[in-house]
Amino acid sequence: MTDLRFKRSTVYDVIKRCEIGLSIEDEPRIWLALSAKGFSKPFIGATQGPAATTDVYIHQCLSKLLSFINEHHVHDDYVFWPDFASSHYARETTEWLIQHNIKFISKEVNPQKVPKAQPIEDF
Numbered sequence: 294m295t296d297l298r299f300k301r302s303t304v305y306d307v308i309k310r311c312e313i314g315l316s317i318e319d320e321p322r323i324w325l326a327l328s329a330k331g332f333s334k335p336f337i338g339a340t341q342g343p344a345a346t347t348d349v350y351i352h353q354c355l356s357k358l359l360s361f362i363n364e365h366h367v368h369d370d371y372v373f374w375p376d377f378a379s380s381h382y383a384r385e386t387t388e389w390l391i392q393h394n395i396k397f398i399s400k401e402v403n404p405q406k407v408p409k410a411q412p413i414e415d416f
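First residue of the sequence shown? That's 294 in my numbering, and the numbers climb one at a time after it.
In structure tokens, the structure reads:
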């Protein structure tokens with residue numbers, strides 16, 4: 294007889310996917326901004342394929358970043374530090390960041406393949 298038991302985490306994952314409207318084929322995406330002063334509203338969604346598009350990143354994620362900065366860091370000296378996802382350094386993305394006066398680490402000085410030099414890797 295075949296054992297039809299599933300690991301609890303697998304069942305939980307399927308239930309959670311259904312609750313937020315993800316199919317089994319969708320890749321879940323979770324994004325949020327965080328600092329010592331708190332964290333932004335998260336973006337929880339799905340993409341078909343390996344990564345979020347530039348359009349999704351700008352309209353679903355960076356819009357939340359802008360709200361977070363305006364709420365917690367409007368008078369602070371901050372720097373936004375993206376990772377190397379292609380949408381994070383797309384021309385449209387960097388133009389959006391510049392247009393909204395969000396200081397960010399440029400791709401040229403972001404230490405690629407040096408996880409210990411990237412603070413986000415500690416979370």
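Every residue gets a Cβ at the ideal spot worked out from N, C-alpha and C, and that includes glycine.
Looking at the DSSP output, L327 bridges to F332.
Leaving aside the five residues that flank I395 on each side, the residues in its chain whose CB is nearer than 6 Å to its CB run, in chain order, F373. If only complete runs of 4 or more residues are kept, the stretch 332 to 411 shows the alpha helix (DSSP H) at 356 to 365 and 384 to 392, in order along the chain. The beta carbons of F361 and S333 sit closer together than 8 Å. For L359 and A339, the gap between their C-alpha atoms comes out near 21 Å.
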